[in-house]
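>
Residue numbers (the working numbering): 1 to 451.
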């Protein structure tokens with residue numbers, strides 16, 4: 001028997017969840033008070049209007065037992081070597097191990113989801129000197145241990161990702177980037193703002209701050225955006241993700257769907273990209289590459305990404321994108337991911353690519369080979385001009401930033417020392433002003449580059 005003390009909206013209650021013996025097989029929510037088909041089952045389509053509500057800041061309350069919370073922190077310390085802002089303090093090194101899931105009861109709008117799998121996620125964000133760390137949710141992770149939650153979903157979603165808005169005093173870069181990409185026709189996940197509160201097993205909640213909820217690419221996004229999930233979906237990371245002749249490795253393309261099949265489509269894309277016809281017969285080279293890769297979509301992505309500026313992407317870093325072999329198009333398509341470092345000129349160590357992308361070598365062939373082809377360069381320039389004067393137009397972005405500033409002001413004001421990247425509400429407002437100035441300067445720069 002699992003007993004938790006719940007304190008929610010000033011009311012104290014005892015929630016008792018009984019794990020089932022094998023001879024009493026309970027599943028699909030039988031015996032769970034809050035379980036309904038609409039909210040918890042796998043028999044409904046994802047409800048984007050509720051989960052990704054754009055008009056409000058939603059709230060999630062997580063309740064751990066003291067033992068589960070302690071085990072979760074110990075797991076994090078082992079992975080980060082004590083480098084997280086949580087247990088262990090700053091310093092240490094990362095391992096390649098993914099954090100483990102731990103069960104917690106999950107509350108949203110007064111409704112409970114049971115024994116939801118919660119784990120930490122991220123890379124540099126896990127080394128932050130802050131308790132505000134990113135999370136991943138898997139709603140049926142513990143269905144073998146608790147068969148009553150078999151196929152548990154959150155309004156049709158099996159998995160969700162929660163960005164901590166790492167190092168972002170505006171609290172809106174992750175969401176704003178995804179939104180402008182989608183508006184311009186570049187594949188990007190849906191996002192929404194959430195406040196997170198956690199009971200670490202003490203019977204009271206700690207406000208962890210404002211987060212950005214992100215759809216998981218290989219859970220619901222593929223069907224929602226492309227209309228299918230039957231194609232191969234990859235999350236590249238490592239030297240192979242460059243597609244360079246030096247260090248190319250198919251194992252660096254982690255498969256998220258069809259895991260038992262080969263990565264032959266990635267190999268085909270690599271071979272087409274590096275074909276000798278690139279210099280001897282550019283027309284044939286373009287045809288071969290476009291047969292396997294959505295080159296036009298990638299050029300559109302580059303135009304948007306370089307205009308908003310983002311150093312934590314392909315061309316600088318070997319991660320933060322997905323590839324999906326879209327069955328309808330019959331090509332691998334580029335999906336953007338992890339945009340908390342967007343809308344800024346760098347972090348002191350890394351800088352985003354210039355519009356001309358003339359700083360990239362053949363180690364980044366998807367940029368170097370394409371931008372050095374005059375036909376592709378012309379398409380890219382046209383997209384830069386179009387993006388700067390449509391999806392990223394100053395009038396449009398000013399309205400978005402101002403609306404989000406009003407929406408998030410209360411959440412920003414409440415953020416607490418130890419669980420925030422802010423230094424008070426003034427730093428939030430100043431960061432929004434910086435976004436407004438950045439937008440104006442980038443639109444001007446885009447129109448100079450692509451008049």
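All residues carry an ideal CB built from backbone N, CA and C; glycine is no exception.
As the structure is a prediction and not an experimental result, all values here were calculated from the model.
Can you tell me the Cβ-Cβ gap for residue 443 and residue 394, rounded? I've got them flagged as a contact below 8 Å.
Residue 443 to residue 394, Cβ: 5 Å. Contact.
> Give a yes or no on whether the C-beta atoms belonging to residue 146 and residue 119 are separated by under 8 Å.
Not closer than 8 Å, so no.
> Give every residue of the same chain whose Cβ lies closer than 7 Å to the Cβ of residue 225, excluding the five residues on either side of it in the sequence, and list them in chain order.
Result list for residue 225: 187, in chain order.
> Take the Cβ of residue 360 as the centre, count every other Cβ of all protein chains shown within 10 Å, and call the residue buried at 16 or more, exposed below.
By the neighbour-count rule (16 or more Cβ atoms within 10 Å), residue 360 is buried.
> What first and last residue would you give for the beta strand (DSSP E) that runs through residue 307?
That residue, residue 307, is in no beta strand (DSSP E); its alpha helix (DSSP H) goes 295-308.
> Rounded to whole angstroms, what is the Cα-Cα separation between residue 255 and residue 53?
Cα to Cα, residue 255 sits roughly 30 Å from residue 53.
> Identify which residue in 40, 70 and 425 has its Cα closest to the Cα of residue 199.
Ranking 40, 70 and 425 by Cα distance to residue 199 puts 70 first.
> Under the DSSP definition of a beta bridge, which residues are partnered with residue 334?
Paired residues: 323.
> Determine, using beta carbons only, whether residue 201 and residue 64 come nearer to each other than 8 Å.
Against a cut-off of 8 Å, the Cβ pair of residue 64 and residue 201 comes out as a contact.
> In angstroms with no decimal places, state the Cα-to-Cα distance between residue 374 and residue 241.
When rounded, the distance between both Cα atoms is 25 Å.
> In chain order, what residues of the same chain lie with their CB nearer than 7 Å to the CB of residue 86, ignoring the 5 residues before and after it?
Confidence is the limiting factor: at residue 86 the pLDDT is only 45, short of 50, which leaves the residue's position unreliable and the question unanswerable from this model.
> Rounded to the nearest angstrom, how far is the Cβ of residue 243 from that of residue 366, given a contact under 8 Å?
Confirmed, Cβ separation roughly 5 Å.
> What do you get for residue 163, buried or exposed, if any count of 16 or more other CB atoms within 10 angstroms of its CB means buried?
The residue is buried, with at least 16 neighbouring Cβ atoms inside 10 Å.
> Can you list the alpha helix (DSSP H) stretches of 4 or more residues lying completely in the stretch 43-75, in chain order?
Entirely contained in the stretch 43-75, the alpha helix (DSSP H) runs reaching 4 residues are, in chain order, 48-51.
> Which same chain residues end up closer than 8 Å to residue 267 when comparing Cβ atoms and leaving out the 5 residues on each side of it in sequence?
Excluding positions up to five away in sequence, the list reads 250.
> Put residue 392 into one of helix, strand or coil per three-state DSSP.
The answer is coil: DSSP assigns residue 392 none of H, G, I, E or B.
> Name the residue from 156, 207, 214 and 144 whose alpha carbon lies nearest to the alpha carbon of residue 173.
Among 156, 207, 214 and 144, the Cα nearest to that of residue 173 is on 214.
> Based on the DSSP output, what are the partners of residue 105 in its beta bridges?
Its beta-bridge partners are 63.
> Secondary structure at residue 111, three-state DSSP: helix, strand or coil?
If DSSP states are grouped into helix, strand and coil, residue 111 belongs with the strands.
> To which residues of the same chain is residue 397 closer than 7 Å at the C-beta, ignoring the five residues directly before and after it?
439, listed in sequence order.
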